[in-house]
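**Q** Can you read through this structure? Questions will come right after.
Residue numbers (UniProt numbering): 1 to 209.
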């Protein structure tokens, strides 16, 4: 079973509280999501492999560590996942970015893939799928399915807030995928919203209804 990691650094907890507040305006909401994504990226990349090289400081020659050439990819789930991209790219500027677009079929209520655009070498990269909310888990599962159909095997999922139902669904569908969260909430309500959650992340990011 993949790991479930709650990134509960005090700065993350503080910013998530502000994100939840219904009085937070679009500009501040967008900036806070960006900041939390950056902070989460520290934890998500904790296990990146290192190699030792020799460098010359102004004082002496020394051995020091650098990332061992690991190729990374960031895959936002459209549209709300876009709000987390820049926050992660700040720390990993060399990462390539792909996109997976999904909509919910009004009859079956299941996610339907309508757009996928990925780096040509995506199957060689360690991928971070990002979406602010993990509610039922349907969108995350469908996005990971889309990547695995394209021979991707190194996949992590990063979300700001999740419901236990969504975590369980992803773990059952993709037990090899590690999940990183800023907060694990209580439950889903009858309409599929996370409680207490933060409302609709896409609408709050982009100022829509």
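Using N, Cα and C, we set each Cβ at its ideal position, and we do this for glycine too.
#1: Leaving out five residues before and five after residue 137 in sequence, what residues of the same chain have Cβ atoms less than 8 Å from its Cβ?
#2: Which of the three DSSP states, helix, strand or coil, is assigned to residue 73?
#3: Contact check, residue 130 vs residue 74 under 8 Å by CB: the rounded distance?
#4: So, at 6 Å on beta carbons, what are the nonlocal neighbours of residue 50 in its own chain, with the 5 sequence-adjacent residues on each side left out?
#5: Within 10 Å of its beta-carbon, does residue 217 have 16 or more other beta-carbons around it, so buried, or fewer, so exposed?
#6: Give, in chain order, every unbroken run of the alpha helix (DSSP H) that is at least 4 residues long and sits entirely within the stretch 128-183.
#7: Excluding the 5 residues flanking residue 196 on each side, which residues of the same chain have their C-beta closer than 8 Å to its C-beta?
#8: For residue 139, collect the residues of the same chain with a Cβ closer than 7 Å to its Cβ; drop the 5 residues on either side in sequence, then sort them by chain order.
#9: My guess is that residue 177 and residue 152 are in contact by the Cβ rule of under 8 Å, so how many angstroms apart are they, rounded?
#10: Comparing C-alpha positions only, which one of 91, 134, 71 sits nearest to residue 81?
#11: Counting along the chain, where does the alpha helix (DSSP H) carrying residue 122 start and finish?
#12: If you draw a straight line from the C-alpha of residue 148 to the C-alpha of residue 115, how long is it?
#13: Determine the DSSP secondary structure at residue 193, reduced to helix, strand or coil.
#14: Kindly indicate which residue of 199, 58, 5, 29 has the alpha-carbon position closest to the one of residue 188.
#15: Considering only residues of the same chain and omitting the five flanking positions on each side of residue 22, which have a CB-CB separation below 6 Å?
#16: How about residue 39 and residue 9: are their beta carbons less than 8 Å apart?
#17: Quick check: the Cα distance between residue 32 and residue 18, rounded to an integer number of angstroms?
#18: Out of curiosity, what's the CA-to-CA distance linking residue 155 and residue 144?
#19: Closest by CA to residue 98, which one among 36, 118, 92, 41?
**A** The structure says:
#1: Counting only Cβ-Cβ distances below 8 Å, and skipping sequence neighbours, we find 165, 166, 167, 168, 169, 170, 173.
#2: DSSP, read as helix, strand or coil, puts residue 73 in strand.
#3: At roughly 6 Å, the Cβ-Cβ gap stays under 8 Å, so residue 130 and residue 74 are in contact.
#4: So the list reads 65, 68, once near-sequence residues are dropped.
#5: Residue 217 cannot be examined here, being either before or after the span of the chain that is shown, 1 to 209.
#6: Qualifying alpha helix (DSSP H) stretches, in chain order: 138-148, 164-173.
#7: Counting only residues of its own chain and dropping the five nearest sequence neighbours on each side, residue 196 has a CB closer than 8 Å to the CB of 20, 185, 186.
#8: Excluding residues within five positions, the ones whose Cβ falls inside 7 Å are 77, 102, 111, 131.
#9: Contact doesn't hold; Cβ gap of about 11 Å is too wide.
#10: Across the set 91, 134, 71, the C-alpha of 134 shows the shortest separation from the C-alpha of residue 81.
#11: Segment: none, residue 122 is in no alpha helix (DSSP H) and carries neither H nor E.
#12: Near 15 Å, if we compare the C-alpha coordinates of residue 115 and residue 148.
#13: In this structure, residue 193 counts as coil in the three-state DSSP scheme.
#14: Relative to the Cα of residue 188, the nearest Cα in the group 199, 58, 5, 29 belongs to 199.
#15: If we look at residue 22 and ignore the five residues flanking it on each side, it has no Cβ neighbours.
#16: For the pair residue 39 and residue 9, the CB atoms are nearer than the 8 Å cut-off.
#17: The alpha-carbon atoms of residue 32 and residue 18 are separated by roughly 8 Å.
#18: Near 8 Å, if we compare the C-alpha coordinates of residue 144 and residue 155.
#19: Its Cα nearest to that of residue 98, the residue 118 stands out among 36, 118, 92, 41.
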